[in-house]
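Asker: The sequence shown runs 10 to 367 under our numbering. There's a structure below that I have some questions on.
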Amino acid sequence: MKKWLTTAILSTTLLITANPTVQAASFTDVPTTHWAHKAIDNISKRGLINGYSDGTYRLNEPVTRAQAAKVVALAINAKPTAAFKPSFQDVSAAHGSYDHIRALTERGIFADGDKFHPNEPLTRAQMAKILTLGYKITVDDNDLIKFRDVVKINQSHGYITTLAELGITTTLPGGMYKPNDNVSRAHMAAFIDRTTTFDLQREKGVIYYDKDRRMYMENAKPDPVPPVVDIHDNALKTIDLVNKQRKQLGTKELIHDTDLSAIAKAKAEDMAKNNYFDHKSPTYGTVDKMLNTFKYKWTAFGENIAKGYIAPESVVKEWMLSPNHRENIANKNFTHIGSAYATDADGKTYWVQLFAKK
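The structure is reproduced here in structure tokens:
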């Protein structure tokens, strides 16, 4: 679903007020080295969540449904109309989160009914739903990211995969999302902070939803003219970018094989010289024949090619959007990579990446 993601990607004495008395920077149990420190700092400064009177934040403590309603309502500035009254029998007007629960229920973020269960812990599935609906994030059925424990019949399936594709949840694709687990205070901060970042970028027009491709996209920007560098530097950059993608996917990084890069260079230069763009070369034949011609030993191979792109970042970004190209980049069987870049007489660029298992 997402192009933007490949450029990301979120107790009885708990205090959640608009005027925080304890900031994240001073929480005694949130060291600056903690993974959620920045997110906690950001949302506490916004007045969305506070710590406890003893100066702690209590990272692992679960967030209740009422507390979550208050945080989300404050984050999106949701206020109820005077006329709306929910049907909940377990949340009175005297409840500290009553107006926030009213606001979200009126918007359809929570379903109205007899029971709200304000003191029950919020689950990860419920969090995905209220963030997606609260921030009006478009849900599609691309399912580019899947989790072993989230199937389509699950009511929260679309919300969960949408947040994953936007990088708001960072659970590795193919892993376990654990939809029924409680949301901790640390994760609450991270989810809210990442969703806010997404919302701000959408508001500024940095990203938009493409109805035809059914995914969030970055607004197209002309590639900056790169400084004069050795062509080999651009090729090396694509290898680095590919390995960063593999690392994010939990896949082992590829080894740069200079012999494979030499073959990729021959292919790129051949395309530039003979004005074609195809996996089959009129000079060397198919990819396997070309590898054999250069006496390269392999047990599996793959090839990604591109033309017309100036920056290495643009090439890899587009490859990651294409299922077949992405499959080569993420393939766990490949162990080695070679890359090359060439230009023709008119300055048109040709990019080649070769993947191999020895």
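Even for Gly, the Cβ is constructed at its ideal location relative to N, Cα and C.
Expressed to the nearest angstrom, what Euclidean distance is found between the alpha-carbon atoms of Gly217 and Phe207?
Answerer: First, the residue type needs correcting, since residue 217 is Tyr and not Gly in the sequence shown. Looking at the two C-alpha atoms, the distance is approximately 10 Å.
Asker: Under a three-way DSSP split, which group does Phe310 fall into?
Answerer: Residue state for Phe310 is assigned as strand, using DSSP reduced to three classes.
Asker: Assign Ser348 to one of two classes, buried (16 or more other C-beta atoms within 10 Å of its C-beta) or exposed (fewer than that).
Answerer: buried
Asker: Quick one, which of Lys124, Asp242, Val81 has its alpha-carbon nearest Val100's?
Answerer: Nearest C-alpha to Val100: Lys124.
Asker: If you reduce the DSSP assignment to three classes, tell me which class Asp219 lands in.
Answerer: strand
Asker: Identify which residue in Ala244, Gly356, Gly259 has its Cα closest to the Cα of Asn313.
Answerer: Ala244
Asker: Using a Cβ-Cβ cut-off of 7 Å (strictly less than) and excluding sequence neighbours within five positions of Thr42, which residues of its own chain qualify?
Answerer: none
Asker: Is Ala75 closer than 7 Å to Ser106 when the C-beta atoms are compared?
Answerer: At the C-beta level, Ser106 and Ala75 come within 7 Å of one another.
Asker: What would DSSP say about Ser348, mapped onto helix, strand or coil?
Answerer: strand
Asker: Would you call Lys79 buried or exposed, if buried means 16 or more other Cβ atoms sit within 10 Å of its Cβ?
Answerer: Its Cβ being crowded by 16 or more others within 10 Å, Lys79 is buried.
Asker: On a Cα-Cα basis, can you pick out the residue from Arg194, Asp202, Gly317 that is closest to Tyr144?
Answerer: Asp202
Asker: Looking at Ala199: is its Cβ nearer than 7 Å to the Cβ of Ala45?
Answerer: yes
Asker: For the structure I just gave you, are there three or more beta carbon pairs, one from the region 250-265 and one from the region 290-299, closer than 8 Å?
Answerer: no
Asker: I need the straight-line Cα distance from Arg335 to Ala315, nearest angstrom please.
Answerer: 13 Å
Asker: Which one or two residues does DSSP pair with Thr42 in a beta bridge?
Answerer: Beta-bridge pairing links Thr42 to no other residue.
Asker: Please state the DSSP three-state secondary structure of Ser323.
Answerer: helix
Asker: Ignoring anything shorter than 4 residues, give me the alpha helix (DSSP H) runs that lie fully in the region 156-219, in order along the chain.
Answerer: Secondary structure in the region 156-219: the alpha helix (DSSP H) runs of 4 residues or longer, each lying completely within the stretch, are 166-174, 194-212 in chain order.
Asker: Closer than 7 Å by C-beta to Lys187: which residues in its own chain qualify, once you throw out the five before and the five after it? Chain order, please.
Answerer: Arg133, Asp158
Asker: Just to confirm my understanding: we take Ile139, look at its own chain, exclude 5 residues before and 5 after, and list those with CB closer than 6 Å. What are they?
Answerer: Val81, Ile118
Asker: Any idea if Ser53 is buried or exposed, counting beta-carbon neighbours within 10 angstroms, 16 or more meaning buried?
Answerer: buried
Asker: Between which two residues does the alpha helix (DSSP H) holding Lys274 run?
Answerer: 267-283
Asker: Under the three-state reduction of DSSP, which class applies to Lys79: helix, strand or coil?
Answerer: helix
Asker: Could you check whether Thr170 and Asp152 sit closer than 7 Å to each other, using their CB atoms as the reference points?
Answerer: yes
Asker: Run through DSSP, which three-state label would Val296 get?
Answerer: helix
Asker: Helix, strand or coil for Leu258 per DSSP?
Answerer: coil
Asker: Relative to the ligand FMN, is the shortest distance from any of its heavy atoms to the C-beta of Asp99 smaller than 6 Å?
Answerer: Looking at this structure, you won't find the ligand FMN or any other ligand, since it has none at all.
Asker: Can you give, in chain order, each stretch of the alpha helix (DSSP H) that sits fully within the region 62-119 and has at least 4 residues?
Answerer: 74-85, 107-115
Asker: Between the Cα of Leu57 and the Cα atoms of Asn252, Ala48, Lys220, Ile146, which residue gives the shortest distance?
Answerer: Ala48
Asker: In angstroms, rounded to a whole number, what distance separates the CA positions of Thr204 and Asp50?
Answerer: 15 Å
Asker: Cα-Cα, which of Pro89, Lys213, Glu227 is closest to Asp219?
Answerer: Glu227
Asker: Buried or exposed: Ile162, going by 16 or more other Cβ atoms within 10 Å of its Cβ?
Answerer: In this structure Ile162 is exposed. Its beta-carbon is surrounded by fewer than 16 other beta-carbon atoms within 10 angstroms.
Asker: Relative to the C-alpha of Val325, which residue among Lys341, Gln98, Val361 is closest?
Answerer: Val361
Asker: With the cut-off set at 7 Å, would you say Leu250 and Ile346 are in Cβ contact?
Answerer: no
Asker: Alpha helix (DSSP H) containing Leu140: first to last residue?
Answerer: 133-143
Asker: For Met185, does the count of other Cβ atoms within 10 angstroms reach 16, so buried, or fall short, so exposed?
Answerer: exposed
Asker: Excluding the 5 residues flanking Trp307 on each side, which residues of the same chain have their C-beta closer than 7 Å to its C-beta?
Answerer: Leu300, Ala365, Lys366, Lys367
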